[in-house]
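Taking it in order: structure first as structure tokens, then the write-up.
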Amino acid sequence: MFENVDLMTAIITPFDENEQIDFEALKKLTEHLLETGSKGFVIGGTTGETPTLTESEKLELYRNFVKIVAGRVPIIAGAGSNNTAQTIDFIDKISEIKGIDMALVVVPYYNKPNQRGMIAHFETIAKHSSLPIMIYNIPGRTGVLMEKETVVKLSKNPNIDGVKQCNTLEDLEYIVEHTDDDFNVYSGEDAQALFAKVIGANGVISVASHVYGTEITKMYHDLEKGNYKSAGKIQRQLTPKMNALFMYPSPSPVKAALTKLGYQVGGCRLPILPLNDEEQDKLFKILDL
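14 is the number of the first residue of the sequence shown in this note's numbering; add one for each residue after it.
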């Protein structure tokens, strides 16, 4: 499903002045991302502010998004929660939306399960899901780390097809080394984009691609052509900018950057605040905007 899909964008959710989803802005942004190299999307992830979207809003978002994408690239839809039964129920609903290729299921947050609990959570979901599952391992947000050995164990489940891994490079290496070739491994850390591809991962699920998709695409093309020094130079130049997009609570920085570039994507829903003038000035200086 994800062969040659190296750059995926974890797309934001644009809002209008009334904090309602702006589907026209989403359409414009999606076309921009496709034109600048995105080969797939995660919709309804952390960057999409889904903790502040209702279930009905998420379903409406997904239905509209598959129409916008129109089968041109794969779509992974955020579906996870810290409630196993609720996650199964929601995946059942999104599986009825033609055009959703996979469900992104986050490691349960707040409950803080141990590794056995995580395995039981994902195996139960996989058993009841008509969509393949991608694990979303992001300990900085969930408060718990799915150990690399646990990811590898779950990769053997026939309905768990990949992982979005947001942790150390060493863990990423281990997962690539110990999983089958058809298990999709993506880094969720933009600064690991080049390294992930070099060690054999599929690529990156990116936030920075909203702004630097062309550059990331060129970096991957250079790597494929054997132009390692050029690819490395691009990554080195992008890394400070990638990190700056997380210097304030995400997705405020990337939304501010997109607005600066002329994409009217609105602000964020509380409890995330838009950047103030001082924060914008500091961000834009680093991003060269």
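Built from N, CA and C at the ideal position, the CB exists for glycine as well. Since the structure is predicted, the reported quantities are computational estimates derived from the model, not experimental observations.
Would you report the Cα separation of residue i and residue j, rounded to the nearest angstrom?
i, j, result
"residue 42", "residue 147", "24 Å"
"residue 285", "residue 268", "12 Å"
"residue 191", "residue 56", "28 Å"
"residue 304", "residue 262", "Lying before the first or after the last residue shown, residue 304 is absent from the chain, which here runs from 14 to 302."
"residue 66", "residue 37", "18 Å"
"residue 80", "residue 113", "11 Å"
"residue 290", "residue 52", "34 Å"
"residue 70", "residue 178", "27 Å"
"residue 231", "residue 48", "13 Å"
"residue 288", "residue 61", "17 Å"
"residue 220", "residue 133", "30 Å"
"residue 34", "residue 239", "42 Å"
"residue 279", "residue 136", "38 Å"
Among the options, which has the Cα closest to the Cα of residue i?
i, options, result
"residue 87", "34, 23, 62 and 63", "23"
"residue 211", "219, 66, 189 and 195", "189"
"residue 203", "233, 174, 194 and 175", "233"
"residue 115", "145, 106 and 134", "145"
"residue 295", "274, 266, 278 and 271", "266"
"residue 59", "119, 44 and 21", "119"
"residue 182", "194, 63, 264 and 206", "206"
"residue 272", "39, 129 and 21", "39"
"residue 26", "277, 225, 141 and 162", "277"
"residue 297", "279, 283, 275 and 257", "257"
Please check the pair residue i and residue j, which I expect to be a contact at CB under 8 Å, by giving their CB distance rounded to whole angstroms.
i, j, result
"residue 384", "residue 15", "A query on residue 384 cannot be resolved here, the shown segment of the chain reaching from 14 to 302 and no further."
"residue 92", "residue 117", "6 Å"
"residue 110", "residue 75", "5 Å"
"residue 19", "residue 216", "3 Å"
"residue 218", "residue 254", "That belief does not hold up - the Cβ atoms of residue 218 and residue 254 are roughly 17 Å apart, past 8 Å."
"residue 185", "residue 209", "6 Å"
"residue 125", "residue 156", "6 Å"
Secondary structure at residue i, three-state DSSP: helix, strand or coil?
i, result
"residue 20", "strand"
"residue 299", "helix"
"residue 28", "strand"
Scan the segment 214 to 279 and note each continuous alpha helix (DSSP H) run of 4 residues or more that stays entirely inside, going in chain order. 222 to 237, 241 to 257 and 265 to 273
Quick one: which unbroken beta strand (DSSP E) runs of 3-plus residues sit fully inside the segment 153 to 216? Chain order, please. 173 to 178 and 197 to 200
Let me know the beta strand (DSSP E) ranges lying completely inside the segment 41 to 72, each 3 residues or longer, listed in chain order. DSSP runs (the beta strand (DSSP E)) wholly in the segment 41 to 72: 54 to 56.
Enumerated in chain order, which unbroken segments of the beta strand (DSSP E) with a length of 3 residues or greater are wholly contained in the segment 72 to 152? Counting only runs of 3 or more, we get 88 to 91, 115 to 119 and 146 to 150.
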